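In our numbering, the protein residues as written are 3 to 648. Note that CB positions come from ideal geometry on N, CA and C, so glycine has one too. Only a predicted model underlies this, so the values are computations on that prediction, with no experimental measurement involved. Data first, discussion second: the structure below is written as structure tokens.
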């Protein structure tokens, strides 16, 4: 695997390429290597050679661009200048990849250059490429290759599963050669005039299983740029960016552009085609309930369309019956939707996986907020049945009636933790001890409280059901009283991260308390204590609030959820601080996040390390973060809502 990878994203398609535009087909590591559509790798090798040798990068691919551009030359020495220079541009479209090569001779005489691209498609499922050392049996799977008049085609079959990758080129390759492996080598012999230039375009069309749309490969990388700019323009149009804070304006614009590229296909309750925010690339370019809901909430005041699409897509995927393997229960909102081979054959549970305690209340929060923001009561009436089913899940299977709180249990086949901090050790005591038995996470109770209140408002104002509204309002008030009695830790003036199966406090000091400000669960006095505590140095790194306060035994600045800084977490905290009138604190968090974005080309990653700004002048990257993440892309919009252009 190359040391550096560069990510190209367009809707539900992404590719990772090396500094020279190559794909090595490696497994494991930080990035899945290849061209991916619907969780399957449709190119596992893409290697350019010039006169039989791999060229070297004169100018490697730059980070963060929508098109991968590089300049390559044949390898040589100081006294042997390269015979030619290759200017390469690559881009991904919807289910496609295009590679443009301009070859310029550096010699004053006619020159012959032999170019070759070695290509392969292993159709590996993304779950096979993770660094968890798991293997999956794929009995009866058959891969085949066929030379076409204009290129070649790779196909994959396993039972009813079918997928293919087609490679075409202009000009047509002079030959397609065997390599002794599953790969094939496309070969061109180019005759260049003195200092002349030749152009070669290779296009790849991925046809995943179940794809019924009529797709076309872009003519060139430039045409992909035009499509992306058009998408970005529709997302940015009409948004009033703050003129007095150009760095926040730039982060908002960058975030909206990323959101435009991260829209993936989904279907609504009546089979209608939708586009919803994917969670993030490279590992989560799919619909994740919690992620899409929070992204849509952040963008709602500026772009309500993602909220409408997300609500419809999640309503369509709402569980109607119990399924132990997928953790489904009637009324529950889906956590993750996957389209890959392993999900299709039930080898991973994530085809439709419901292991989330908080997607269901967040669905109700978004529905209420969307109707309040837009006045779209028709959607509220259309989704009334789904909303009532979601409330029913919270009260019944979710645990509000029997346990007093939303509860989850570790899923052996899926997620151990089912709140937003879903890594195995994320919910812990200050000393790192993990809770036993069912878990009642603090943040989820805040979401439940807000969901009950917002749904009560819909029941009273749209559905004309005052009795149901009063029932939900009573349930919300009771939950608030219970929470402040059971979760509050007087010795710390701070709420516990969770309660364990015996109702004991899980006493880590964690950023989830800021979510309680966003949802309004805490009384004003408690809320002000929490808000000010989150800005003390053990919590606030200077770039944002750490997920776990430093100084606790469980803290680690390079952990996923035990001391890192998450932009979306901080966006919720900032909104919560503003809600409780802590405007100076809200501005401090917002400025830290905006500074972190400015240091990274105005783009916020999924997560950054928890090292303090006083000792590290730039934010330290978290090594396994998603490069493009929808919640982080939308986070600057939440900051704009919370603090304006301050």
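Rounded to whole angstroms, residue 461 and residue 378 show a C-alpha spacing of 14 Å. Under the DSSP assignment, residue 588 falls in the alpha helix (DSSP H) whose first and last residues are 585-600. Between residue 620 and residue 601, the C-beta spacing is below 8 Å. In the pairwise beta carbon analysis, the stretch 290-307 is classified as not touching the stretch 322-334: fewer than three pairs are separated by under 8 Å.
Taking C-beta atoms under 8 Å as the contact rule, residue 345 and residue 356 fail to qualify, at a distance of about 13 Å. When the five nearest sequence neighbours on each side are left out, the beta carbons in the same chain lying within less than 6 Å of the beta carbon of residue 350 are those of 129, 344, in order along the chain.
Across the structure, residue 528 and residue 372 are spaced so that their CA atoms are roughly 28 Å apart.
Judged by pairs of C-beta atoms under 8 Å, the stretch 207-216 touches the stretch 158-173, as three or more such pairs exist.
Ranking 272, 270, 294 by CA distance to the CA of residue 281 puts 294 first. Beta-carbon to beta-carbon, residue 171 and residue 203 are separated by about 7 Å, close enough to satisfy the 8 Å threshold. In this structure, residue 119 and residue 188 form a Cβ contact; the two beta carbons are roughly 5 Å apart against a cut-off of 8 Å. Excluding five sequence positions before and after residue 62, the CB atoms of its chain that fall closer than 6 Å to its own CB belong to 21, 72, given in chain order. Its Cα nearest to that of residue 472, the residue 455 stands out among 481, 227, 455, 299. In the three-state reduction of the DSSP assignment, residue 254 falls in the helix class. Beyond the five residues adjoining it in sequence on each side, residue 542 comes within less than 8 Å, by CB distance, of 536, 548, 590, 591, 594 in the same chain, given in chain order.
Cβ-Cβ distances below 7 Å link residue 570 to 296, 633, 634, 637 in the same chain, with the five nearest sequence neighbours on each side left out; the list follows chain order. Relative to residue 427, the option among 508, 495, 475, 504 whose CA is nearest is 508. Under DSSP, residue 203 forms a beta bridge with 102, 172. According to the DSSP assignment, residue 225 belongs to the alpha helix (DSSP H) that extends over 223-238.
Of 380, 116, 546, 531, the smallest CA-CA separation from residue 614 is found for 546. The C-beta of residue 81 has fewer than 16 other C-beta atoms within 10 Å across all chains shown, which makes the residue exposed. For residue 416 and residue 490, the gap between their C-alpha atoms comes out near 31 Å. With a contact defined as Cβ atoms closer than 8 Å, residue 178 and residue 149 qualify at about 5 Å.
Note on geometry: alpha-carbon atoms of residue 131 and residue 629 lie some 17 Å from one another. Taking residue 585 as reference, the option from 157, 53, 266, 648 with the minimal CA-CA separation is 648.
Annotated three-state conformation of residue 575 is helix, per DSSP.
Only residues of its own chain outside the window of five on either side were considered, and among them 131 have a CB closer than 6 Å to the CB of residue 29, listed in chain order. When DSSP assignments are scanned along the stretch 307-358, the uninterrupted stretches of alpha helix (DSSP H) that are 4 or more residues long and fall wholly within it turn out to be 307-319, 343-346. By the Cβ neighbour-count rule, residue 375 is exposed, with fewer than 16 other Cβ atoms within 10 Å of its own. By alpha-carbon distance to residue 126, the top candidate from 225, 484, 581, 158 is 158.
If the five residues before and after residue 424 are omitted, its C-beta is found closer than 6 Å to the C-beta atoms of 417, all from its own chain and listed in chain order. The shortest CA-to-CA distance from residue 121 to any of 153, 103, 496, 53 is the one to 153. Boundaries cannot be given for residue 512, as no alpha helix (DSSP H) includes it and DSSP labels it neither H nor E. Our two residues, residue 442 and residue 409, have alpha carbons roughly 5 Å apart in a direct line. Taken in chain order, the complete beta strand (DSSP E) segments of 3 residues or longer contained in the stretch 25-67 are 36-39, 42-45, 47-52, 58-61.
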